[in-house]
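In what follows, a structure is listed as structure tokens, so that the remarks can point back to it.
Residue numbers (the numbering used here): 1 to 131.
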């Protein structure tokens, strides 16, 4: 009886650790944040445009083709971007920008960042063009 309890505790401890680690390194959440940031930038910032269609659906379809070439599942990305909870998508966008040192609430800083990375070999800039 005690032995199975030890195994159960070990299983729970390993399982919880795996969940926490996976949440912190989720490539799909990261990609969602990058695409959401790029979409907002091309909509809101002067001097920055989209590398594809400017409407959300067209933008997502184009962006997921790029992400597919980088090893992410296109249909999973589309599902997350089209049907994911808006709050989660915005949180991922804010997290990505924060990691890059950009305040999501400061539109001037966001647009300056967008102009700097547009069209470059950058995880966000790859979805933007400089106008």
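Just so you know, even glycine gets a beta-carbon here, dropped at the ideal spot from N, CA and C.
**Study point:** residue 102 - DSSP class collapsed to helix/strand/coil
**Key:** Taking the chain shown and counting its residues from 1, the one referred to as residue 102 is at position 102. Residue 102 falls in the coil class under three-state DSSP.
Review point. Considering only C-alpha positions, which residue in the set 83, 48, 119, 59 is nearest to residue 110?
Key: Residue 110 sits at position 110 when you count from the first residue of the chain shown. Residue 48 is the option with its Cα nearest to residue 110.
Review point. Leaving out the 5 sequence neighbours to the left and right, which residues in its chain are closer than 8 angstroms to residue 120 when beta-carbon positions are compared?
Key: Mapped onto the chain shown, residue 120 falls at position 120. Taken in chain order, the residues that qualify are 126.
Check your understanding: Taking all protein chains shown into account, do 16 or more other C-beta atoms lie within 10 angstroms of the C-beta of residue 86, making it buried, or fewer, making it exposed?
Key -> In the chain shown, counting from the first residue as 1, residue 86 sits at position 86. Exposed: under 16 other Cβ atoms inside 10 Å.
Check your understanding: In this structure, does DSSP put residue 97 in helix, strand or coil?
Key -> Numbered from 1 along the chain shown, position 97 holds the residue referred to as residue 97. It is helical.
Point to revise | Collapsed DSSP secondary structure at residue 133 in the structure displayed | key: The shown model of the chain, from 1 to 131, leaves out residue 133, and the question about it has no answer.
Point to revise | residue 46 versus residue 102 - alpha carbon distance | key: Sequence index remark: in the chain shown, residue 46 carries index 46 (1-based). Sequence index remark: in the chain shown, residue 102 carries index 102 (1-based). Roughly 17 angstroms separates the two Cα atoms.
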